[in-house]
Structure formats: structure tokens, C-alpha cells
Amino acid sequence: MSFASDLSTGGKGGTLDALLFNLEQLKQLEAVSEIVTNHLNGDYKAVLRTPTAQILIQILAENVHLSKEEQTLALKDANLQNREVILYTFITGLAAFNAFLQTNVTGPSVDFGDVFQSSEWNASELREKCLRSLDVDGVSVYQHIPKVELFCLARYIFTTVFPRRSWVKTWDCKWMRIRINAYHQRLLSGYSMNGRMSDSTVLQDLIENDLKDLEREVFAEESAFGTDAKVMFLLEKAQIYIMEGLDLKARENVKKASEVSGFEYALSGALGKRTKFQQNDISQLVVFAKSRDDFASGETEGSSENIKESAQPSGDAEELSMNGPQALELNDDTLLESIKFAKSPSDKVDNSNLPVVLAGMKPDEQPQLDPLDQIVLLTEATLKDTLSPLDKLNSEEILPYAVRVLSDKPTNWQIYTQALLVRSRIEAHRSRTQERSVLQLQVIVDQIIADTQESASSTDADGIPEIQVTSFLPRAKSGESAPVTERLRYVNQLNTPTRWEIETELAFAWSNAGSLVSALEIFKRLKMWAEVALCYHSVAQEDKARQIVRRQLYYSSNGPEMDKYDIDAEAVIKEEWNGEMRSPPPPHAPRLWCILGDLDQDPTCWQRAWTISNNRYARAQRTLGDYYTRQNDLSAAREAYLASVVVNRQNNDTWSRLGDIDLKTGNWDGAVIAFQQSIMIDDTDAKTYSNLGSALLSKHDELVSLKKIAKQEQASTDIPDDEEIDFDSLKLDKKDKSNDPKEILRQALMSYKRGAAIAHDNWKIWDNVITIATRMVPPAFPEILMGLRNILRIRAPNVGEYAIDIDILGSLVTEVVSRDKTEEVGSSGEGTGIWIPKRGTLARAVIEMVDRDIIPLITQNVSNFTK
Numbered sequence: 000m001s002f003a004s005d006l007s008t009g010g011k012g013g014t015l016d017a018l019l020f021n022l023e024q025l026k027q028l029e030a031v032s033e034i035v036t037n038h039l040n041g042d043y044k045a046v047l048r049t050p051t052a053q054i055l056i057q058i059l060a061e062n063v064h065l066s067k068e069e070q071t072l073a074l075k076d077a078n079l080q081n082r083e084v085i086l087y088t089f090i091t092g093l094a095a096f097n098a099f100l101q102t103n104v105t106g107p108s109v110d111f112g113d114v115f116q117s118s119e120w121n122a123s124e125l126r127e128k129c130l131r132s133l134d135v136d137g138v139s140v141y142q143h144i145p146k147v148e149l150f151c152l153a154r155y156i157f158t159t160v161f162p163r164r165s166w167v168k169t170w171d172c173k174w175m176r177i178r179i180n181a182y183h184q185r186l187l188s189g190y191s192m193n194g195r196m197s198d199s200t201v202l203q204d205l206i207e208n209d210l211k212d213l214e215r216e217v218f219a220e221e222s223a224f225g226t227d228a229k230v231m232f233l234l235e236k237a238q239i240y241i242m243e244g245l246d247l248k249a250r251e252n253v254k255k256a257s258e259v260s261g262f263e264y265a266l267s268g269a270l271g272k273r274t275k276f277q278q279n280d281i282s283q284l285v286v287f288a289k290s291r292d293d294f295a296s297g298e299t300e301g302s303s304e305n306i307k308e309s310a311q312p313s314g315d316a317e318e319l320s321m322n323g324p325q326a327l328e329l330n331d332d333t334l335l336e337s338i339k340f341a342k343s344p345s346d347k348v349d350n351s352n353l354p355v356v357l358a359g360m361k362p363d364e365q366p367q368l369d370p371l372d373q374i375v376l377l378t379e380a381t382l383k384d385t386l387s388p389l390d391k392l393n394s395e396e397i398l399p400y401a402v403r404v405l406s407d408k409p410t411n412w413q414i415y416t417q418a419l420l421v422r423s424r425i426e427a428h429r430s431r432t433q434e435r436s437v438l439q440l441q442v443i444v445d446q447i448i449a450d451t452q453e454s455a456s457s458t459d460a461d462g463i464p465e466i467q468v469t470s471f472l473p474r475a476k477s478g479e480s481a482p483v484t485e486r487l488r489y490v491n492q493l494n495t496p497t498r499w500e501i502e503t504e505l506a507f508a509w510s511n512a513g514s515l516v517s518a519l520e521i522f523k524r525l526k527m528w529a530e531v532a533l534c535y536h537s538v539a540q541e542d543k544a545r546q547i548v549r550r551q552l553y554y555s556s557n558g559p560e561m562d563k564y565d566i567d568a569e570a571v572i573k574e575e576w577n578g579e580m581r582s583p584p585p586p587h588a589p590r591l592w593c594i595l596g597d598l599d600q601d602p603t604c605w606q607r608a609w610t611i612s613n614n615r616y617a618r619a620q621r622t623l624g625d626y627y628t629r630q631n632d633l634s635a636a637r638e639a640y641l642a643s644v645v646v647n648r649q650n651n652d653t654w655s656r657l658g659d660i661d662l663k664t665g666n667w668d669g670a671v672i673a674f675q676q677s678i679m680i681d682d683t684d685a686k687t688y689s690n691l692g693s694a695l696l697s698k699h700d701e702l703v704s705l706k707k708i709a710k711q712e713q714a715s716t717d718i719p720d721d722e723e724i725d726f727d728s729l730k731l732d733k734k735d736k737s738n739d740p741k742e743i744l745r746q747a748l749m750s751y752k753r754g755a756a757i758a759h760d761n762w763k764i765w766d767n768v769i770t771i772a773t774r775m776v777p778p779a780f781p782e783i784l785m786g787l788r789n790i791l792r793i794r795a796p797n798v799g800e801y802a803i804d805i806d807i808l809g810s811l812v813t814e815v816v817s818r819d820k821t822e823e824v825g826s827s828g829e830g831t832g833i834w835i836p837k838r839g840t841l842a843r844a845v846i847e848m849v850d851r852d853i854i855p856l857i858t859q860n861v862s863n864f865t866k
């Protein structure tokens with residue numbers, strides 16, 4: 000039975016998630032055949048003009064400013080119970096979301112303005128209500144989003160209209176609700192240099208709950224989802240975790256996606272030349288990749304027809320590469336355009352560690368990849384580039400993933416564009432490729448602007464002249480450009496940036512390249528006044544930055560007519576904007592107040608930001624905490640950090656700062672909890688692990704002191720400081736180890752060891768490892784040895800024999816020579832009287848360290864010989 004017939008007979012329909020990949024079958028239902036056809040053909044405007052869509056738009060216009068509960072109550076009078084109406088509503092929501100993406104992400108440009116025109120409401124007021132409805136926790140979305148009403152309509156349908164009870168079943172589409180909520184969170188975040196979401200976490204719990212429910216449905220034993228749909232789900236999930244900064248979860252889903260797809264890939268080496276003057280072939284990093292064997296034959300089990308078609312290499316791939324985004328050449332006087340791999344069979348790198356299907360593959364003759372597998376590689380590159388430390392080695396490891404995708408024949412316009420974007424981001428970290436990086440990004444931006452920009456008037460609503468966008472590449476003709484259905488096919492799995500996000504990225508790229516004027520021009524055109532102010536602040540033009548921020552928050556003392564002038568107009572050059580405070584506050588007011596506070600170092604500005612956001616803007620309290628810390632008002636700083644983490648528990652930096660305050664004030668338990676919370680969010684910060692060890696050590700010392708005092712009072716006798724306390728003799732709850740000094744000391748050692756493992760070259764943390772290990776009962780000699788070895792490794796090149804801790808070395812030697820040697824004598828020492836410890840023993844390791852690391856250092860320090 001087909002999915003469409005199952006719907007019409009009232010079978011197990013209900014869920015609309017699987018229907019996302021079976022829309023073709025809905026054509027069999029005569030009542031919805033036309034609207035489904037329009038949607039599949041990319042004619043979203045026709046879908047949004049249907050009577051059902053217009054009714055939904057009217058309901059949206061009347062209720063968008065209300066709370067979620069009030070919107071749900073308002074739907075009771077709407078006739079949305081009929082099965083056909085539900086399907087019409089579902090298709091309308093899909094069309095609205097796709098139209099929003101077409102307008103803001105992919106193009107080609109279509110005028111959807113008349114869709115929301117009506118005599119019953121004011122279009123500008125509707126837009127203003129829509130923008131305000133997207134505010135969360137004092138955070139606003141970008142205020143100049145084209146056709147934001149489309150997103151609000153899709154959001155209204157998939158978060159308020161659905162789930163809907165009808166015909167003894169509940170109709171719902173969790174997949175689209177995840178996409179909507181994730182995109183909403185992304186709109187709140189704007190462009191983030193570290194890829195993380197904004198301070199608001201309201202939507203993240205909703206997303207996570209729906210992800211868990213949908214995953215059970217997608218991977219159920221009798222799943223209605225095919226292989227490609229499962230891969231798409233995992234890739235979208237990975238993209239969400241990348242935005243949340245959860246790299247481990249993101250990696251897990253990328254790995255699972257490749258396993259489900261049957262996709263094999265590996266980063267390896269192959270001999271070749273990278274520079275024009277290189278004489279010998281040396282090992283070069285390359286990604287070997289191969290899609291599942293049935294990809295070429297088109298046997299994509301359980302996938303919808305449109306996904307199958309997209310998986311096949313297009314016969315017009317060469318034409319696509321001509322009409323798609325232009326890939327700029329490097330044109331460097333030293334580097335080759337691409338690596339020239341060795342052709343001789345004898346010049347091969349050992350690929351024995353590669354999977355069997357990749358072992359015999361030539362680096363420059365690899366098979367065409369499935370589009371979803373190309374996205375896996377791009378996601379892997381994005382994950383590494385976004386959440387890994389930026390250095391030359393990481394860049395070298397990331398670039399081959401993008402190069403592997405670009406080396407294929409282009410089969411999808413959006414994937415090819417994303418591959419160029421990923422390569423551009425990676426190449427920005429190298430001086431020889433930075434120029435192409437910026438120019439390639441400029442080419443992509445020019446094309447996106449050309450494809451998404453509607454014809455605009457020369458002035459904005461306030462009469463201020465608009466900055467017109469120009470490009471140095473001609474706009475593609477309609478017949479030369481990819482259709483909207485192709486562009487949108489994988490847009491959710493790619494997490495393609497919006498037009499203003501990629502323009503903002505370009506502005507930062509120009510700024511990093513030293514062209515602040517170009518960056519400012521982009522920010523001003525986008526009306527991102529906070530970024531404009533920060534640009535001026537970065538070049539020490541504090542007064543100009545302050546003027547721009549105050550203009551957004553205050554009226555001029557000369558009257559409202561001053562608002563009509565551009566920020567660079569001569570009439571407002573000396574304007575201080577010291578009139579009345581604007582009411583209502585402008586969008587992004589909490590952030591603007593925080594920036595003004597940063598400029599003036601005025602705590603009242605941060606407090607104002609906190610008040611305006613209804614005590615929900617975590618950044619305001621976090622900055623207040625920093626301010627009070629500098630003023631040494633630790634009590635006020637702690638209250639501020641606590642208020643911040645109550646609002647946003649996912650900011651590891653705030654937890655760490657709260658732990659620092661508790662560490663300074665002697666609140667050991669609070670410090671331990673704060674540092675543990677920080678580590679749960681980000682377990683890659685060595686400083687946090689080290690601070691946790693310090694907090695645990697301090698708590699241990701306090702407990703020891705208290706137990707000494709308690710025992711003294713009990714025995715009414717003095718206990719010498721150097722006498723060991725028999726903690727086992729004290730009455731402790733054996734099940735509760737939270738106050739067991741031995742357990743706390745062990746946890747402190749583990750924390751320092753973890754911190755030292757992350758910051759491998761920080762000798763001070765290794766010194767702390769030794770300190771704690773010597774305080775253990777009995778001492779943890781393996782950890783002492785490990786710590787001493789690493790200190791010698793780090794410090795010996797600079798200070799020589801003074802890196803040797805004589806006392807610690809003496810304790811190690813004493814421990815080794817005092818042990819029973821009967822079981823440690825090796826076979827080679829039998830009958831010779833020479834003590835040769837067995838491999839793997841502490842004694843053998845100490846002797847090797849002395850012979851290899853210590854004896855070569857000794858020159859003049861007599862105490863080293865005596866030990």
C-alpha cells in the first residue's frame with residue numbers, strides 16, 4: 000500500500016515526518032494534487048496564494064503578537080480538522096519555509112510581497128509584529144530579514160497548528176519543528192565567529208526533545224524512512240550540535256551518518272609535489288573516499304524518487320561547473336593550483352591502514368561521490384574548522400576534505416557553493432592563500448546577493464540613501480542558473496548561511512585582511528550598528544563607537560528630525576545623542592546597552608540591559624561579574640555570575656569564572672560544583688581542570704584540619720602536625736565519599752592529570768600532579784614518575800639540570816631500592832649479581848629515566864651525583 004492510500008484510508012498516517020520524503024505519492028490524492036505539484040516544482044508563490052494559505056496568513060496576522068497559549072486557543076474556531084485541510088496546511092508550511100530559504104539563502108529571487116498584502120492589516124505593522132514575536136530572552140533577530148513573515152508563517156504552522164488531533168489520530172511533523180526551532184535559534188545567534196549559538200537556551204531543550212523522539216521513529220525496526228532519509232536526519236542533527244558547540248555529539252552523528260550510508264573515507268598520505276620548484280615527491284595529505292557500491296546504479300533503497308534522482312551524477316555536470324559559482328584560481332608564484340601526485344607505482348605511501356575498499360585507490364583518480372557523502376565530508380571539515388584550535392596543522396588536515404568534494408564533477412549547485420565556502424574559510428588561516436580566500440568569499444557573496452536581492456529603491460523607509468551593492472561578476476541569466484528545487488534539496492543538511500550571515504563573514508574576512516573600510520561598508524549597508532561600533536572600537540575610535548551606539552538608544556537633544564541623517568552625514572558628526580531614552584527600546588537593546596557599558600565602563604548600562612531583557616540577558620550579568628571582579632567586590636561578582644548561569648546554564652566560561660570567585664573566597668564546595676559544570680559543557684579546557692584540582696585540594700586540607708580538631712577535642716591531647724591521621728578509625732559514612740579526604744585527594748590528582756594531558760607543555764600543572772601524588776597514602780609513584788619525566792621534557796631544554804627536582808628523584812630512588820627485588824630480577828641478571836628489573840616495573844622505568852633523561856643533564860650540581 001502506498002503512503003498516499005494509507006493516508007486516505009486512515010491507516011497509520013498521523014505522522015507527517017515520513018511524508019516529507021514521499022510527497023510525489025500525494026499526487027494520487029486528487030484534492031491536493033495541484034498544490035503538491037506546485038510545491039514540488041518550486042512554485043511556492045502559487046501555494047501561498049491558495050485559500051487555505053490565505054486563511055492561515057490571516058490567522059497569523061491576527062495572533063502573531065500573542066503568547067503561544069493564546070495562539071493555540073485562537074485556533075479552536077479555525078476549521079482545520081478535515082484531512083485534506085490538514086494536508087493543505089502541511090504543504091503551506093513547507094512552501095513558506097522553502098520560500099523563506101529561497102529569499103534569504105539560495106535564490107533565485109522571487110517577489111513574495113503581495114502574498115501578505117491585505118486590506119485587513121497593515122503590512123509594515125505585520126512585519127514589525129513578526130520580528131518582535133521572534134525575540135527570546137532579550138535577544139532579537141536581525142531586523143532587516145527579507146520576508147520574515149514567511150518564516151513566521153512556517154513557524155506558526157509547525158509549532159502551533161501542529162500537532163493537531165483529527166480523525167482519532169494526532170497529526171504532527173517533528174522533523175519540520177526541529178528545523179524551524181533550530182533556524183529560529185540560529186536567527187537569534189546571528190553570525191558567530193566560534194560557531195556557537197547565542198546565550199538564549201530556551202529553544203535548545205525543545206529541539207533536543209524532538210530530536211530524541213524523531214530518532215526513535217527514524218531508526219525503528221519497521222521504519223518508514225529510507226537510507227538517504229536516515230543520513231539526512233543524522234547530518235541535520237550534527238549541524239545542530241555544531242551550532243551548539245557540542246563537538247563530541249556532532250562527531251558521533253557524522254560517523255553514524257557515514258556508517259548508515261555505507262560511505263568509506265579516510266585522511267591519509269600520498270606522495271606528490273605542492274610547490275612549483277619542488278624536486279622530490281614528499282607525503283601530502285589527501286582524503287580517500289568512496290560511496291556505497293550501489294550509488295552508481297541508482298539503487299537507493301527506501302528513498303523517495305526525488306532523492307534518487309539527485310543522487311545520480313548529472314549528465315550536465317560540466318555545464319553546472321560553468322554556470323555555478325566561479326572557483327577562483329590561486330595564482331601564486333610558489334604554490335601549485337593543486338597537489339601534483341606521483342605517477343610511478345614504486346613511489347607509494349604505505350596505505351595498509353586504509354579500509355580495504357580504499358587501499359588501492361589513486362589520489363587523483365577517485366570515483367564520483369553521492370551528494371550526501373559529499374555533505375558528510377563538508378560537515379567533517381566544518382566541524383574541525385569551527386570547534387578545533389586554529390593552527391597551521393589543523394588547517395592542513397581540514398583542507399583535503401573540501402578539496403575532495405571540489406575534485407568531483409559538480410552535481411548540485413548548493414553543495415558546490417558550500418564546498419567553495421568551506422575551502423575559503425580554511426584558506427583564510429594561511430598567508431599564501433588568504434587573498435584567494437577573501438576574493439572567493441566575495442565571489443560567493445556577489446552571486447548570493449545577485450540571486451536573492453530584489454529591485455530596491457534608492458532610499459530606505461526613513462529617507463536615508465541606501466548603499467547600492469555592486470559586483471565584479473555578471474549576474475547569471477535565468478536559464479543559466481540552477482532551479483530553486485536543486486538549490487534547496489540539501490540546504491538543511493548543509494546548514495548554508497543566510498545572505499546577511501555570509502556578508503558578515505565577508506566583512507570579518509576583510510577586517511582580518513586589513514581592509515577595515517570594506518568591513519565597515521558592509522556592516523553599514525546591513526545596518527548592523529553594534530558591529531559598526533565594535534569596528535570603530537577596534538581602531539581606538541571610541542567617540543565614534545559611542546556616538547553610533549547612543550544614537551540607537553537615545554534621541555537627539557535637537558529633536559527626532561535628526562534621525563533622518565546618515566551616520567556619516569555632516570549634520571550629525573558632532574551630535575552626542577544625549578536626549579531622551581528611546582521608548583520602546585530598539586531591537587537588540589540589551590546588547591547595545593552592554594556595548595555602551597563596555598565603552599564607558601559604566602555598570603548602570605549593564606544593569607539597564609538586564610532590566611530591559613526582563614532579567615533574561617545573561618551577557619549583562621556576566622559582564623557585571625567581570626566588572627565587580629576587577630573592582631575586587633567578590634560578593635557582588637558572585638551574585639552576578641550566579642544570575643547569569645541561572646539564565647544560561649550552557650556557558651562554560653561563566654561557570655569557570657564563578658568557580659574562580661568561590662576559589663578566592665574559600666567556598667570550596669561551590670568552586671568544585673562550578674568547575675564540574677564547566678567541564679561538563681567543555682572538557683577541553685586545561686585551566687578548568689587545574690582549578691578543579693586546586694578546589695578539591697583545598698577542600699581536602701580543610702577536612703583534614705577539621706578532623707584533626709575533632710580528634711583533638713575527643714582525645715584532649717595535641718596531635719603533632721607530622722603525624723598521620725588514621726581516617727579509617729573515624730566514623731564516616733562509607734557510602735558517602737563526598738567528604739572522605741582520601742577520595743577527594745584522589746579526585747584532585749585525577750583533575751590535575753587530565754589538565755596536564757590537555758596542556759601537555761605546561762610544566763606547572765605537571766608539578767601539581769607530583770605534589771598531589773606525593774601526598775597520597777601510599778604515594779602514587781607512577782604518577783610521580785610521569786610528572787617528573789614531563790617536567791624534564793619541558794624545562795630541560797631551557798634550564799638544564801635545574802629542571803631536576805632532587806627531593807622527588809630521591810623519593811623515587813628510595814622507593815625503588817627499598818622494594819623486595821626477588822620478583823623483579825630479570826633473566827639476564829641471574830648469577831651475575833646485577834639487579835635488572837623486569838620490563839613494566841617502576842624500578843625499570845626509573846632506571847631508564849635516570850639513564851636517558853637525567854645523566855645527560857648533570858654537569859656541575861653536586862647534589863645530583865649524591866642522589
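When the count follows numbering that gives the first Met the number 0, it moves up by one through the sequence shown with no breaks and lands on 866 for the last residue. Yeah, the Cβ is synthetic: ideal placement off N, Cα and C, and Gly gets one too.
* Tell me, please, which residues DSSP counts as bridged to residue 14. => 171
* Helix, strand or coil: which one does DSSP assign to residue 354? -> coil
* Asked: Under the DSSP definition of a beta bridge, which residues are partnered with residue 265?
  -> 287
* Give me the Cα-Cα distance between residue 430 and residue 508, rounded to the nearest whole angstrom. => 13 Å
* Asked: In three-state terms, what does DSSP make of residue 585?
  -> coil
* To do: Return the CA-CA distance between residue 266 and residue 235, expressed in angstroms with no decimal places.
  => 23 Å
* the stretch 100 to 116 contacting the stretch 552 to 564, beta-carbon criterion three pairs below 8 Å -> no
* To which residues of the same chain is residue 73 closer than 6 Å at the C-beta, ignoring the five residues directly before and after it? -> 62
* CA nearest to the CA of residue 105, picked from 87, 86, 145 -> 145
* Go ahead and pull the three-state DSSP assignment for residue 314. => Caution applies to residue 314, whose pLDDT of 42 falls short of 50 and renders its modelled position unreliable; the model cannot decide the point.
* Asked: Roughly how many angstroms separate the alpha carbons of residue 932 and residue 291, rounded to a whole number?
  -> With the chain represented from 0 up to 866, any question about residue 932 goes unanswered, as that position is not in the structure.
* Reference residue 445, options 506, 582, 597, closest by Cα -> 506
* **Beta-carbon proximity list for residue 788, same chain, < 8 Å, skipping 5 on both sides** => 848, 852
* Mapping DSSP to helix, strand and coil, what is residue 395? -> helix
* Asked: Hey, out of 201, 86, 26, whose CA is closest to residue 880's CA?
  -> No answer is possible for residue 880: the residues shown for the chain start at 0 and end at 866.
* To do: Give the single residue among 175, 790, 552 whose Cα lies nearest to the Cα of residue 611.
  => 552
* Which of the three DSSP states, helix, strand or coil, is assigned to residue 408? -> coil
* Might you give, ordered along the chain, the residues of its own chain that have their beta carbon closer than 6 Å to the beta carbon of residue 752, omitting 5 neighbours on each side? => 768
* To do: Can you give me the Cβ contacts of residue 746 inside the same chain, cut-off strictly under 7 Å, excluding the 5 residues immediately before and after it?
  => 695
* Environment of residue 949 [buried if 16+ CB atoms lie within 10 Å] -> The chain is shown only over 0 to 866; residue 949 falls outside these bounds and no answer can be derived.
* Take residue 298 and list the residues in its own chain whose beta-carbon comes closer than 7 Å to its own, dropping the five residues that flank it on each side. => Residue confidence is low: residue 298 scores 48 on pLDDT, short of 50, so the model does not pin down where it sits. Its coordinate-derived value is still stated next. Closer than 7 Å at the Cβ level, and outside the excluded window around residue 298, lies no residue.
* Output yes or no for whether 9 Å exceeds the beta carbon distance between residue 122 and residue 44. => no
* What residues are listed by DSSP as bridge partners for residue 271? -> 281, 340
* Asked: Hey, residue 365 and residue 288 are a contact pair by Cβ (cut 8 Å); roughly how many whole angstroms apart?
  -> 7 Å
* Report the option in 326, 484, 362 whose CA atom is closest to the CA atom of residue 421. => 326
* Relative to the C-alpha of residue 637, which residue among 624, 231, 78 is closest? -> 624
* How would you call residue 143, buried or exposed, if buried means at least 16 neighbouring beta carbons within 10 angstroms? -> exposed
* Asked: Around the C-beta of residue 535, are 16 or more other C-beta atoms found within 10 angstroms, so that it is buried, or is it exposed?
  -> buried
* Asked: Relative to the C-alpha of residue 786, which residue among 329, 663, 222, 771 is closest?
  -> 771
* Taking residue 409 as the reference, give the member of 396, 384, 391, 371 with the closest Cα. => 371
* Between the CA atoms of residue 841 and residue 834 - distance to the nearest angstrom -> 13 Å
* Between residue 404 and residue 377, which are expected to be in contact by the criterion C-beta below 8 Å, what is the C-beta distance as a whole number of angstroms? -> 6 Å
* Could you name the residues of the same chain whose beta carbon sits closer than 6 Å to that of residue 646, not counting the 5 residues immediately before and after it, in chain order? => 615, 617
* Rounded C-alpha distance that separates residue 93 from residue 588 -> 33 Å
* Asked: Quick one: what does DSSP say residue 749 is sitting in, helix, strand or coil?
  -> helix
* Asked: From residue 573 to residue 549, what distance separates their C-alpha atoms?
  -> 13 Å
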